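Engineer:
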Amino acid sequence: MKISILPRRGEQGHVLLLAIIITGLIGFILVTYLTLVQSQNASVMRSQAWNSAIPIIEAGVEEGLAHLTAHGSTNLACDGWTQVDNTYQMTRFIGENFYVVTITNFVQGSSNSAPIIDSKGYVIMPLVLTSAAGPLLAAVNAPAAGVTYLGRGVRVTAARDVLFVKGMVAKDAIDLNGNGVSTDSFDSSNPAYSTGGLYDPAKAKDSGDIAVNASIVNSINLGNADIHGHASTGPNGTISMGPSGGVGSYAWRAAGNDGIQPGWSASDMNVTFPDVSAPFNGGGFTPSGGSVTNAVSTYTTNSSSSASTIVYPANPPAPGAGYVTTNSASSTTYPSGSPGPVSSAITTNTTWVNVKADNNYPAAGTYIPPVTTYQVTSGPQSGRGTYYTYQLITGTTTTYTYPIFTIVSTAVTTNTATTVASYDYILDDGNYQLSSLSGTVYVRGHAVLYVTGSTSVGGLTIKPGAHLDLYSNGSSVGLAGNNTANSDGFAANFGFWGMPNVTSITLSGNAGFTGTIYAPNANFTMNGGGNNTTDFIGASITKSVTMHGHFNFHYDEALGRVAATRGWVVNSWNELEPKNIPKATVDAYGHLVFTSATGNN
Amino acid sequence: MLIEAMMSIGLTGLIMIALVSISVFSGRSFVAMANYVELDDNNRIAIDTMTRDLRECNRVLSSSTTSLQLEDFDGFTITFTFSPTLKTLTRTKAGSTTTLLTGCQSLAFTLGQRNTIAGTFDQFPAATVAEAKVVDVSWRCVRTILGVTANTEAVQTAKIVIRKQGT
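Residue numbers (this note's numbering), protein chains in the order written: chain A, 1 to 601; chain B, 1001 to 1167.
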């Protein structure tokens, strides 16, 4: 007999149910796991895109800086840049990615301009690229329809990269090998640190910095020089000095310290020295010589015996020839002709009276109180009775007080001396060119002189307000004589530019120099000699510097603000908020479409 | 019957061991993956924040083995502080402190100049903070699984240039 044992109804499907639950659980865990992995993958992909936007952005920043350098003095709306109002813009693709860079806040020709460069970089989202792009996408520069970009942006404020931010700069070495050598600084644009724009020892500062770009041992040899400023070398460069040499502030040196003041040296000099190009190609005039007449007036003041007193309002003496004292005078008549101010005071005149009361009481306004009453009871009958005693007003007197100016003048003699000087070259406004230069130069305009060969300046005089840029491509340049400077003493008015062939510059013969020297391939030698303390006022950038004899080097800090620049650098760098980065997509026609962003890109 | 019972018990045991092994392995993998995701996110945010701060800042004010102080572009001071005890990296600005990293086993700041050593991609070390133009930062963060520092770690290193060049 077969016995069939059927499962109870309540036990049916347990295995199936358990299998479904376990499968569901495993499936859920698997889905969670995969989602986590997918999120991580997407996050990493986006991070890669986010970071890869930086090189694109920086490329835009660099183009903006380069464009400012190349065309900042003329017109920015060129080389493919478009202008809308005061905004200049360029869009450029780098492979599939691109940047949009704009320049704003730029004032043409202004030395205080601080342009703002906004660079927005757009890179293709890798996930989108993977899913939507075909294999040909990477081979073309044009954007593909349906592509979405990740945008990121940076705002840069640019600043001029001024050439002469330090006093004495050399590519290779500085050798201050002489007695009485020193450096310091002043500021020709600040009356607190200069007198009439000229160097004044009483107002000197301690920014007479020296610097060498090289990373060599003893790249700066100070000897016993007195450096009132900082000293810098390239990495691993060193500074050697004698027992009395010193680098530091005026206060630190005045305290008797030698050596290097803590914090006043560094070894991180890192500067490029671009070559000098010819200022123009052809068209320069050939300058000629001639005579220049100068009339110089001098004033002699004699203050010993010819002083005289003149009562105002007589004509005052010429300014500077006397001085004025002020006194006060009074009178009862109005001082006609007085320059004032005139003040007045009214005095009431009175006299004491005794009158019998038989008369009326004194009328109001005719006396000054009090009125005293007294009785006379003896004596003649006619004299007896009541009496009043009081001050009877007899009238008024007006007194005027006014200033009296007394001028003590001295005799002034004006002497005018007329001199006539001859110069080998006289320069007015314009461009001049010479194959070689030898002799004296007088500049009375804004001139550019290009010397293609040997250059030997016997004397240089620059009229106040005039300016000279002297370019030379001769191998050896000599600056000699007692007047190798502009006569009003502003270093910004004379610039010497040594082109690549200039390998030697010599300043000698007790020549004073006021100006700037930029000759990155030249060995610059200053031969002082004698007992004179010759001054170099301005700044220099050369291959090397050797300073013999008595030389005082005074750096004009104004050059760090107004003199020549070599381009633009980043003064501030800030990321833009994502909400300020328009979203970029490509429409069905392959055109870039920008829409305002409302959140993260 | 006995043989059948023993076979059943043996098979069941094997299946159970396999299931437990799979579960434990899957669980550990899952936790490790979650750890990596969390580590990765934290590291990314930390390096992003630090990179932005360094690029934007004016200069380095001070530096030690456990901290880095910057003068931000707006004049405020930003301080990154690594606590070897708490194993955290924090960022403080204007009195507000944010924890950027946890489980940080090691962290180091190295200052460099902008000058590159010839023939290399490295920079000359900065002798003082005044010379610092590049900051090299590296750290190592770990996470544990059931209290054990397994293979869940993240090493992050970056060399960041201060972009401000003007005087």
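Built from N, CA and C at the ideal position, the CB exists for glycine as well.
What you are looking at is a predicted structure, and each value in this text was computed from that prediction instead of being measured.
(1) Who are the neighbours of residue 1052/B on chain A, taking C-beta pairs under 8 Å?
(2) What is the DSSP secondary structure of residue 66/A, reduced to helix, strand or coil?
(3) Check each candidate in 1080/B, 1009/B and 1016/B and name the one with the smallest Cα separation from residue 1137/B.
(4) Rank 1057/B, 1070/B, 1061/B and 1009/B by C-alpha distance to the C-alpha of residue 1165/B and give the top, closest one.
(5) Taking all protein chains shown into account, do 16 or more other C-beta atoms lie within 10 angstroms of the C-beta of residue 21/A, making it buried, or fewer, making it exposed?
(6) Can you list, in chain order, the residues of its chain with a C-beta nearer than 6 Å to that of residue 546/A? Leave out the 5 residues immediately preceding and following it.
(7) Give me the residue from 71/A, 81/A, 89/A and 183/A with the minimum Cα distance to residue 551/A.
(8) Can you list, in chain order, the residues of its chain whose CB lies under 6 Å from that of residue 344/A, leaving out five sequence neighbours each side?
(9) CA-CA distance, residue 1126/B and residue 92/A?
(10) Where residue 129/A and residue 586/A are concerned, what is the direct C-alpha to C-alpha distance, given to the nearest angstrom?
(11) Which residues of the region 544-574 of chain A have a Cβ closer than 8 Å to any Cβ of chain B? Give them in chain order.
(12) Give a yes or no on whether 8 Å exceeds the smallest Cβ distance from residue 33/A to chain B.
(13) Assuming residue 231/A and residue 264/A form a contact by the criterion Cβ under 8 Å, report the distance between their Cβ atoms to the nearest whole angstrom.
(14) Which partner residues of residue 535/A appear in the DSSP bridge assignment?
(15) I want to see whether chain B comes within less than 8 Å of residue 65/A, judged by CB atoms only; does it?
(16) Do you know how far the Cα of residue 395/A is from the Cα of residue 336/A?
(17) List, in chain order, every chain A residue whose beta-carbon is nearer than 9 Å to that of residue 1115/B.
(18) Can you pull the chain A neighbours of residue 1037/B, defined as C-beta to C-beta under 9 Å?
(19) What's the C-alpha gap between residue 1157/B and residue 1038/B?
(20) Within 10 angstroms of the Cβ of residue 294/A, are there 16 or more other Cβ atoms? Answer buried if so, exposed if not.
(21) Would you mind working out which of 62/A, 421/A and 403/A sits nearest residue 292/A, comparing C-alpha positions?
(22) Cβ of residue 1159/B less than 8 Å from any chain A Cβ?
(23) Identify every residue that forms a DSSP beta bridge with residue 496/A.
(24) Keeping to the same chain, check which residues put their C-beta closer than 6 Å to that of residue 221/A; ignore five residues upstream and five downstream.
(25) Are the C-beta of residue 249/A and some C-beta of chain B separated by less than 8 Å?
(26) The beta strand (DSSP E) with residue 1134/B in it runs from where to where?
(27) Which stretch, first to last residue, makes up the alpha helix (DSSP H) that contains residue 1041/B?
(28) Candidates 376/A, 574/A, 332/A and 440/A: which alpha carbon is nearest residue 402/A's?
(29) Taking beta-carbon pairs under 9 Å, can you tell me which members of the region 44-55 of chain A lie near chain B?
(30) Report, in whole angstroms, the separation of the C-beta atoms of residue 171/A and residue 236/A, which I expect to be a contact under 8 Å.
(31) Taking the alpha-carbon positions, what's the residue 522/A to residue 500/A distance?
(32) So that I know if they touch, is there some Cβ in chain A lying closer than 8 Å to that of residue 1131/B?
Structural biologist: Looking at the coordinates:
(1) Here the question's residue 1052/B lines up with position 52 in the second sequence. Scanning chain A for C-beta atoms nearer than 8 Å to the C-beta of residue 1052/B yields 575, reported in chain order.
(2) On the first sequence, residue 66/A is found 66 positions in, with the first residue counted as 1. Reduced to three states, the DSSP call for residue 66/A is helix.
(3) Residue 1137/B sits at position 137 when you count from the first residue of the second sequence. Closest by alpha carbon: 1080/B.
(4) Position 165 of the second sequence holds residue 1165/B. Nearest C-alpha to residue 1165/B: 1057/B.
(5) Here residue 21/A corresponds to residue number 21 of the first sequence, with the count starting at 1. That one is exposed.
(6) What you label residue 546/A is simply residue 546 of the first sequence in a count that begins at 1. Cβ within range, chain order: 175 and 525.
(7) Taking the first sequence and counting its residues from 1, the one referred to as residue 551/A is at position 551. Among 71/A, 81/A, 89/A and 183/A, the Cα nearest to that of residue 551/A belongs to 183/A.
(8) Here residue 344/A corresponds to residue number 344 of the first sequence, with the count starting at 1. Excluding positions up to five away in sequence, the list reads 398 and 400.
(9) Indexing the second sequence from 1 puts residue 1126/B at position 126. Indexing the first sequence from 1 puts residue 92/A at position 92. Using only the alpha carbons, I get a separation of about 37 Å.
(10) Reading the first sequence from its first residue, position 129 is the one you call residue 129/A. Reading the first sequence from its first residue, position 586 is the one you call residue 586/A. Summary for residue 129/A: the model assigns pLDDT 46, below 50, so the residue's position carries little reliability; its value from the coordinates is reported in the next sentence. If you take the alpha carbons of residue 129/A and residue 586/A, they lie about 12 Å apart.
(11) 560, 569, 570, 571, 572, 573 and 574
(12) The residue given as residue 33/A occupies position 33 in the first sequence. So yes, residue 33/A belongs to the interface.
(13) As a first step, residue 231/A is located in the first sequence; it is residue number 231 there, counting from the start. As a first step, residue 264/A is located in the first sequence; it is residue number 264 there, counting from the start. With a Cβ gap of about 7 Å, residue 231/A and residue 264/A count as contacting.
(14) Here residue 535/A corresponds to residue number 535 of the first sequence, with the count starting at 1. According to DSSP, residue 535/A bridges with 552/A.
(15) As a working mapping, residue 65/A is identified with position 65 in the first sequence. No, residue 65/A lies away from the interface with chain B (no Cβ there is under 8 Å from its Cβ).
(16) As a working mapping, residue 336/A is identified with position 336 in the first sequence. As a working mapping, residue 395/A is identified with position 395 in the first sequence. Spanning the two alpha carbons is a distance of roughly 24 Å.
(17) The sequence position of residue 1115/B within the second sequence is 115, counting from 1. Result: 215, 234, 235, 268, 269 and 270.
(18) One-based indexing of the second sequence puts residue 1037/B at position 37. Residues of chain A passing the Cβ test: 36, 37, 39, 40 and 43.
(19) On the second sequence, residue 1157/B is found 157 positions in, with the first residue counted as 1. On the second sequence, residue 1038/B is found 38 positions in, with the first residue counted as 1. A straight-line Cα-Cα distance of about 18 Å links residue 1157/B and residue 1038/B.
(20) As a working mapping, residue 294/A is identified with position 294 in the first sequence. Residue 294/A comes out exposed.
(21) Walking along the first sequence from the start, residue 292/A turns up at place 292. Comparing Cα-Cα distances from residue 292/A to each of 62/A, 421/A and 403/A, the minimum goes to 421/A.
(22) For the purposes of this step, residue 1159/B is taken as residue 159 along the second sequence, with counting starting at 1. Chain A contact via Cβ: absent.
(23) Position 496 of the first sequence, counting from 1, holds the residue named residue 496/A. According to DSSP, which records beta bridges pairwise, residue 496/A is partnered with 470/A and 517/A.
(24) In the first sequence, counting from the first residue as 1, residue 221/A sits at position 221. Answer for residue 221/A: 175 and 240, listed in chain order.
(25) Taking the first residue of the first sequence as 1, we reach residue 249/A at position 249. Under the 8 Å criterion on CB atoms, residue 249/A is classed as non-interfacial with respect to chain B.
(26) To locate residue 1134/B, count along the second sequence from 1; it is residue 134. Looking at the DSSP string, the run of the beta strand (DSSP E) that includes residue 1134/B is 1134-1142.
(27) In the second sequence, the residue the question calls residue 1041/B occupies position 41. That run of the alpha helix (DSSP H) goes 1002-1056.
(28) Taking the first sequence and counting its residues from 1, the one referred to as residue 402/A is at position 402. Of the candidates 376/A, 574/A, 332/A and 440/A, the one whose C-alpha sits nearest the C-alpha of residue 402/A is 332/A.
(29) 44, 47, 50, 51 and 54
(30) Indexing the first sequence from 1 puts residue 171/A at position 171. Indexing the first sequence from 1 puts residue 236/A at position 236. About 16 Å; that fails the 8 Å criterion.
(31) By 1-based counting over the first sequence, the position of residue 522/A is 522. By 1-based counting over the first sequence, the position of residue 500/A is 500. Going by the C-alpha atoms only, they are around 8 Å apart.
(32) If you number the second sequence from 1, residue 1131/B lands on position 131. By this cut-off, residue 1131/B is an interface position.
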